[in-house]
Each structure stands twice: as C-alpha cells, then as structure tokens.
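Undergrad: Same order as they appear, the protein sequences are chains A and B.
Using the working numbering, you'd call the opening residue of the first sequence number 11 and step up by one each time.
Using the working numbering, you'd call the opening residue of the second sequence number -11 and step up by one each time.
Cβ atoms here follow ideal geometry from the backbone N, Cα and C, with glycine treated the same way.
Okay, handing you the structure first.
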Amino acid sequence: MANFTLRVNGRAQTVDVDPATPLLYVLRNDLDLHGPRFGCGLGQCGACTVIVNGNTVRSCVQPVSQVRGEITTLEGLSANGTLHPIQQAWIDEQVPQCGYCQNGQIMTAKALLDRNPNPTDAQIRQGMAGTLCRCMTYYRIHAAIKRAATLRLASLPQGRPEGPSRDEVQS
Amino acid sequence: MTTRRDFIRTSGFLVVSASALPLELVAAQAAGPYPDPDFRQLDSWIVIRQDDTATFFVGKTDLGQGTGTAFRQIMADELDMPYEATSCVMGTTDVTVDQGGSGGSDALQTDGYPMRRVAAEARRVLLDMGSQRLGVPVGQLTVSGGVVSVTGDPSKRVTYGELIGGRRFNVTLTGANTDATTGVAKLKTTQELKIVGQSPQRYDIPPKVDGTAKWAVDAKVPGMVHARNVKPPIAGAKLVSVDESSVKGIPGFLRVVTRGNYVAVICEREEQAIRAARQVKVNWEKPAAAPFPSSENLFTYMRSATPTFSAPPVATGNAETAIAAAAKVVEADYEVPFQGHVSLGPAHALADPSNDQLTIYSNDMKSYGLRNGVAEFLKIPRDRVRVIWLEGSQAYGRTAADDAGFEAAFLAKEIGRPVRVQWMRNEETAWDTKGPAYTIKMRGGLDAQGNLVAYDYDARAADHNHLGYNEFDTVLIAQLANQRKAQPARGGAATPSDMYVVPNRRMAVHVVGLPLVWETPLRTGNLRDPNGPQVTFASESFIDEVAAAAGADPVQFRLKLLTASTADDSGFKRARSIAVVKAAADAFRWDTRPSPKKRDSGNILTGRGIAYAYRNQTVVAQIAEVEVNRRTGRVWVKRFVIAHDCGLIVNPEGLKRVVEGGTLHTLSRALHEETRFDTEKVTSVDWTSYPTLTHADTPERIDVVLVNGDPNPNRPDLPHYGAGETVCKPTMAAVANAIFDATGVRLRRVPFRDARVLAALKAANV
Ligand code: FES
Ligand code: FES
C-alpha cells in the first residue's frame, strides 16, 4: 500500500492503496464517485471513462500510481448545480435506456466536442466508435451530440469552444 | 417491526425519484422481518401526503424502458393528480406488492390494469371524503389536479392532502391475485385520460446523466467485503482441491469458499479479490466426455441429434399433399447460433446478513423471485429475506436468473459479513444465459397463379434445460453445487406468430440437448423475446423467398396473405397487421416491385427489405434499407422504418426509444453476435471475441410510425398492449431481405458478419 494524492473534480484527495490498483476502484470505492462503472476491465467498452487533462482515460486499465493531473468524472461535469450542455442535451433527447454505459458515452462525447466543437456525422461515428452501449442507444446519442454542439456554440462568445482547441490536444 | 410508513419516513425519499433512493437510509432502517405487503389494502399501493404529493408502490421493475414513468402517468391520470406531484417506488420486496417484477413486456398490458384500478379506487374514496367535508353529494363535486371542489363554486374546495395526508385509507380491495386487484370504482374511458398520451420525460434520466443515480453496483454497507468467482476452466470440470496458500499472501485476503464445483475468493477490497481470483491455484478434473460440439459443428449436431422433446405438429389442411401438388416448391434451411445477453455491466449484487436477516441489493428484474429463491436455497424463512431493487445494467431477461444475487447471499451467510459479488467480463460473456440456437427447415408450395398454398415449418432449438425464473435449483451456483431439479426443464421451441392465411400449413417443433446438461455455459434463458428473432428470421425470410419465386412484390405478397374473411379475425389480428404493414410501406415510400432489384454497378449495393411480426396483440412491421459493400462484405443499415401498434400509447416519445432500442439490439444480433465455443469451453470472452453493434453501425435515420389499427380506433376501452419485445422479432429477416434485394444473394445463417457476406457474394459471383 502507498499514499497517492489525486486531484479529482477540483479537489485534492489522498488514498492509501496498492500502486497497481486501477483508478476505477479508487474512484468508486475510496472516493465514492460512482459515475465511472465497471464494464469489462479490459479497456474495451468505455463504461469506466474519466477525463484526465482533457483526454479520455479508461480508468479500469489505468494504475492509480500512473495518474498525473486533473481528473474529471461524470459528477464533475456540472458546475454549481448547472448541468453541462452535453448532460442537458442527453436529457432533452432522452438518450439512456438502462443508462449503465452512459457515463462513458457522455465523457467521450465531452472530449470529442472539446476537440472538435462541431463534428460531422462521420466524425461522431469515429470519435465514439469504441464506446459500447448494449441497449443500442447510439442513434439518440448522435442526436444529443449534435444538439450539445449547437447549445455550446450558441452559448460561447464568438463560438470559441471551451477547453483546449484541436491543436492543443494530443490524442 | 418496520412498517411501510416507517420506511417512507426514515428513508425520506418520497419527493425524489426512486432511483435516487439513499441506500444508507434504507439500510439503516428495517431490522426485519419483512412480511409481504398486502395487495388487498389500498395503502399498500398509494400514499398521499399533506403536501399534496403521492407515491405509488409498484411491484414491477424498470429496466430502462421508462415503465416507471408510464405507471406514474396511468395512476396519476386515474387519480386526477398532477403527474409532477407523484413519484414511484418499484420492485422492493418488503414495500411493494409482488407483481412479479418485469418480464414478457407485460408491464402495461397486464399490470397496468390493477394499478389503474387502485388509483381509481383512491379517487373514489377521496371524493367520498370530500363530499363529507364539503357537505354536498359526490354528484355535485368536481375533481382536478388533486383538488376536490363544488361544481360551480370553486371557492368550496379541499385538497387530497387535506383529506388524507399522513393518514391511512384503510380500504380493503378484492381480487383473487395481484393482477386481479380491484376496488369498486370504474376506470376512466380512453377519452377521459389526459396524462396518458403525453410524453413527460423519464424521471430516472437526469440522475443517470449527472451521476447521482444509485445503482445496484453502487450499493455499500459498513463492513462490506468483495468476492469474485473462479469458474471451471472446462465446462463440466470437477473441483478437486484449492491451494489456499497460493493466495494467502495477498493483502486483504479473507477466505476461499467452495461448495461443490462453485469456488469464490473473498477479500477486503475489490482489486484484491480480482487478483486473488486470478492467482488462486485450483485443481480441476477434466470431464470424461466433451461437454458440447464446437460452434462450427453445432448445426450439424443439432440436425442429427435425437430430440429430447417434440411437440405434436400444429396443422391445418394437408401441407404434404399440397406441396406434392404445387406448381413450384421452395425449400430453405435457416440457422441462428447461440447469442448471449452479454450485458454491458456483468452480474452483481450485495447481500447483507445483519440482524440475522438477509437484505440483497440487486438489479434483479424479478426481485420477488430472487427473494423466494434465496430463502429456499439457503433454507431461511421467506420473511427474513428482502430484495431492494436498484437500477442496473441492461437486463432483457438476464437477471430473471440472477446468479450474482444467489452467490452474494450464499457467501454473506457463509462468512457472516456483507458480501458484494461482481462477475468479470470473461465470465459474463462466456457464462451468462443464452438465447437458444435454432435450425429451421421450411418448405412452401405455390400454385400456378403464385399463391402460397402450402407451408411447412420444422424447427429445432437447442433449449434443453431452459432456465426458470430464479428457481433456487436452477441458478448457476445451485447447478455447480449439485443442488438440482430431478429432471432438466423441458425447454421449448416456438412457431411463427404471423397472421398469414395459408390453406395447408404444418408447424412442428423439437428441442435438442447438448451432451452437458448441467453446469454448462450454454445455459439457455430468456433473451428479449426468447425465440422470436430466431423463428421470425426463418419465417419472414422464407415469405420473401416465396414472394421472389412468385415474382411478387414483398409487401403486396404479405398483404395478400393477410387478407381473408374478417369473420374469424378475433382481436382484429389480421386487420391490425394489414394496417401496420401498410403504414410502414407508406412511410418508407415503398416502390412496388419484386426483389431482387437490378444490381447497382458500383461497390455499394443498395436494397430494401420488409418483415412483419405479431406478439400478444402487438404488431410490428420493419423496413430496412441497406448498403452492402461488394468489396468488404460490410452491411450497413442506412435507414429503418418501423410501424408499431400496441394499442393505447401511454408515452409516445418513451415508446419510440424503446422501439429503436429493440430494433438496434436485434440488428446487433443480426450483424455481429455469435457465442463461439470449442469442445471444452466458450471462447467468446470479451468484446473482441463477442463483437457487438457500435456507433459506426448506427443507421442514419430511424422513423418510428405509431399506429392505432383498431377497426374502432376511438373505442372507449382501447387496451394498452405490451411493447419492447415484439419489435425484436422481424429485424433479422428485414435485414436479410434487404441484402437479398440489393445483391440477389440470400443469407440463411445469422450473423451477417463481413467475411460471411463476402464469401456468399463471391460464391454467387456478385
Ligand atoms: S470497464 Fe473500462 S473500458 Fe470497459
Ligand atoms: S443505455 Fe444500457 S448499456 Fe447503454
């Protein structure tokens, strides 16, 4: 066991765990952040997705000892009780069926829109490709991403996207 | 003893949604025992508080199809309360009456009626109270939005909260069983319903989107530990020994627990249990005989096996004679492999043995069955077991046999601490319950005018020992522990559910078994319309083949088969089928011509196909428009048009999403899904070896057309039929028919993966 200090959703938190512990279990079991969920533990489905420094990370295959930087989980997307435009679009489109995968869908969509604020249909398909939904809500997810893109562009001065621009992100 | 009212008070969740139910509070209350709520008491169903809000207690579960929202709509409507002032608690065995949980798409079709009746009864009782309070006869009262007032004098008014808030109704209901529960009040007519037919947003979606929802995977109680299973490496292997020293050194290691061939490791922390399950040395004895043929040889095996069961054929006329006399005979064999539920979230549950009771936190769609099954399995009195139902990952029948719930309960009792179990991905994909594999032989005869005069259907399903609903002697841990039924369940195979009129028709079904009957990863269970996709793949592909042989347009050919005397059309099944097929064709702008079309010249071949199905009064027709890549074999369904008639629609927007989800779920089965195995084990163990539909496969457009095909569409008692499963029936055939239209090549084996399609195109020189 060893001490690790993580910055999650704007707060520094210290945990005492085995260095090899996947970040997923630390978030869920030590920090009570239940947005990220276990789906495969293999980096294949996206259910456990969090954002670290603007990039999506599959927390089920990320040892806690190797995490550097600011972690955002689903719980950290909304600010002061106001939903993020992506979350609002998800509600407006009534996207989820069971909802189990939707953490991964929303977090992956956020990273996609931060990179590319106005993605084409093909870019959405490609950008979301590895994030699986077994209720097959894909069709509504695509509608929600387009709606969120419109909401965000409308709410930003000169349509400047929040977050890093495309060139600033290595993906 | 804790009453329902204590539960409500202590848990304090009534003004929020059931999915935001605070676990700690539920866990902290109710030391048990947990007797069943009495379905013949109005108070078991509805509570109205002083603040003019109401909570409905419903013994169903919502798997993400919005049934909870629909129940609030129908009950608020009958009760004359604003939808927003209501909430709903579901599927928790000590606070909601046993309505069986979910299954069979019957939530509204069957259970909607008792819910409407109890709400109507509550309204009647409140009107009586209002009459006394206001001093005028009921006939002179108006009720709206939870307020009773004197007709013509709205200043004389009293709210429901003022009449009953905080007190019990103490009204006894009647009915032989939960489904029959009733008071004396009459239901409203369809025309009087105001909230039904609107589309309030699902109350469970905001918490699922902002991360505040409480899921069964999130359940935590003090002192909880984590377990993981160790599955036999070869199906049917016997446990010889476990070398505990191989994991003793793992920090947090607590115990290895075994029972028969069931093995679990328990550790303080989750990642420790995962590591211990991988590391523990277990000595298994290989079974003497192979448990099953490999998946490559499955259909050959199934065709030559002696059936374990054959049903007497269903026959009208004489199909054999008619085929012999036919001008043209069409024959085809269809194959659908085993396919899994393969839930995105593997099986999980938490069991807490505190206070000498057992509380299970579970996403079991049939939570009542889990409660009964666990009580029997562990031989503890029923009223000492309760199941708290919480949101869970996609179930569609998987949690009707809730392996993890039984395992958690067993382990918690065994070690005397709360135990959380979750299966790993490889276990879930390999060992979850499967939809049965089918081989189906079909023959048909056309007369000289191209009429279908003979129809012969002969199906074999690998469905021997089909699992029940949480019966304590059928779940996997019971099978591994050698606690089994004396006889394997018979299983079944289904016949097509179309309403076609064919003068000579014979339908025969058989069940076949694989060598390993128990402890097998090829356990069949109920996968979203358990036989429908397989059967309808054959039957609706075949109708298309026959139409092509007759040189007829596929829609016109179907309409002709549906058109017959109305005298025997009970429930307007044919009339409603015709309305739905026509609605789909109209919305698609179907051009009438036979299939296949003249082949496109480029690499992308386009085509369209229709299929239709019927189930328990619900009718669906689907049209798929596909693009087939001649170079790669990739099939993309570019567009779906789905016409759907389920009678009275409670929430149209919610229904559309259910219809879309069911269609794409079955599209995934059509294009990608197949459980593969060698002669020792299932080799589909993750998302690479068990591929699924992805974002890249998503249609560009889906149009759902909601149809009311009742010959008397304005009837005052239009029933609310079921939705959710019927739509799974036609998809595989619609896609196969579209591929045929595009390419002239007929695919008779699911799934239509790129390589299989490409090989078929090559073989046909396309
Ligand atoms: S759980 Fe991490 S990718 Fe599936
Ligand atoms: S909504 Fe159920 S898995 Fe995606």
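#1: Please classify M212 (chain B): does DSSP put it in a helix, a strand, or coil?
#2: For chain B, check one thing: does any of its Cβ atoms lie closer than 7 Å to the Cβ of T31 (chain A)?
#3: Please report the distance separating the alpha-carbon of Q195 (chain A) from that of L33 (chain A).
#4: Compile a chain-ordered list of the residues in the segment 412 to 444 of chain B whose CB is closer than 7 Å to at least one CB of chain A.
#5: Contact criterion: CB-CB distance below 7 Å. Does L16 (chain A) meet it with respect to chain B?
#6: Output the distance between the C-alpha atoms of G697 (chain B) and S565 (chain B), rounded to the nearest integer angstrom.
#7: Report the start-end ranges of each alpha helix (DSSP H) in the segment 596 to 677 of chain B that is 4 residues or longer and not cut off at the edges.
#8: Counting beta carbon pairs with one atom in the segment 580 to 600 of chain B and one in the segment 498 to 515 of chain B, are three or more of them shorter than 8 Å?
#9: Count the other CB atoms within 10 Å of the CB of T177 (chain B); is the residue buried (16 or more) or exposed (fewer)?
#10: Straight-line CA distance for T98 (chain B) to D167 (chain B)?
#11: Have a look at A121 (chain A) and M138 (chain A) and give me their C-alpha separation to the nearest angstrom.
#12: So, does the CB of H683 (chain B) fall closer than 7 Å to a CB anywhere in chain A?
#13: Counting contacts by CB-CB distance shorter than 7 Å, is N39 (chain A) in contact with chain B?
#14: Taking all protein chains shown into account, do 16 or more other C-beta atoms lie within 10 angstroms of the C-beta of A16 (chain B), making it buried, or fewer, making it exposed?
#15: Using a C-beta to C-beta distance shorter than 7 Å, which residues of chain B count as neighbours of T147 (chain A)?
#16: What are the residues in the segment 64 to 89 of chain A lying within 9 Å of chain B by C-beta distance?
#17: What would DSSP say about Q180 (chain A), mapped onto helix, strand or coil?
#18: Starting from G137 (chain A), trace the alpha helix (DSSP H) both ways and give me its first and last residue.
#19: When the Cα of T246 (chain B) is compared with those of B:G240, B:A223, B:E256, B:V270, which residue comes out closest?
#20: Across which residues does DSSP place I690 (chain B) in a beta bridge pair?
#21: Report all residues from its chain with a CB closer than 6 Å to the CB of A158 (chain A); omit the five preceding and five following residues, and keep chain order.
#22: Using the beta-carbon of each residue, which ones in chain A are nearer than 7 Å to H660 (chain B)?
#23: Chain A beta carbons: is any one of them nearer than 7 Å to that of S381 (chain B)?
#24: Determine whether the beta carbon atoms of A310 (chain B) and G438 (chain B) lie at a separation below 7 Å.
#25: Taking the continuous alpha helix (DSSP H) assigned at V523 (chain B), which residues delimit it?
#26: Would you check if the distance between the CB atom of G712 (chain B) and the CB atom of Y110 (chain A) is smaller than 7 Å?
#27: Starting from the beta carbon of T141 (chain A), find every residue of chain B whose beta carbon is closer than 9 Å, and list them in chain order.
#28: Could you tell me whether the Cβ of A16 (chain B) comes closer than 7 Å to any Cβ of chain A?
#29: Flag this pair as touching only if the segment 448 to 460 of chain B and the segment 377 to 393 of chain B have three or more C-beta atom pairs under 8 Å; answer yes or no.
#30: Counting only beta-carbon separations shorter than 7 Å, does R162 (chain A) have a partner in chain B?
#31: Is R405 (chain B) a contact residue of ligand 1, with contact defined as CB to any heavy atom under 6 Å?
#32: Using only the heavy atoms of ligand 1, determine whether one of them is closer than 6 Å to the beta carbon of G56 (chain A).
#33: Between the segment 660 to 677 of chain B and the segment 621 to 639 of chain B, do three or more beta carbon pairs fall short of 8 Å?
#34: The beta strand (DSSP E) spanning A442 (chain B) covers which residue range?
#35: With the cut-off set at 7 Å, would you say K144 (chain B) and V138 (chain B) are in Cβ contact?
#36: In the DSSP assignment, what are the bridge partners of R21 (chain A)?
TA: Per the coordinate set shown:
#1: coil
#2: yes
#3: The structure shown does not extend to residue 195 (chain A), since chain A is modelled only from 11 through 181, so no value can be given for it.
#4: M412, R413
#5: no
#6: 8 Å
#7: 640 to 659
#8: no
#9: exposed
#10: 7 Å
#11: 10 Å
#12: yes
#13: yes
#14: In this prediction, A16 (chain B) has a pLDDT of 38, which is less than 50 and means its spatial position is unreliable; what the coordinates show is noted afterwards. Result: exposed.
#15: G649
#16: T83, L84, E85, G86, L87, S88
#17: Because the pLDDT at Q180 (chain A) is just 35, under 50, the model does not fix this residue reliably, and the value given afterwards should be weighed accordingly. Of the three classes helix, strand and coil, the one that applies to Q180 (chain A) here is coil, per DSSP.
#18: 131 to 138
#19: B:V270
#20: B:F628
#21: P95, I96, A99
#22: Result: empty, since nearest Cβ-Cβ is about 11 Å, beyond 7 Å.
#23: yes
#24: no
#25: 520 to 538
#26: no
#27: T682, H683
#28: Its pLDDT being 38, under 50, A16 (chain B) is placed unreliably in this model, and the coordinates cannot settle the point.
#29: yes
#30: no
#31: no
#32: yes
#33: no
#34: 440 to 449
#35: yes
#36: A:V18
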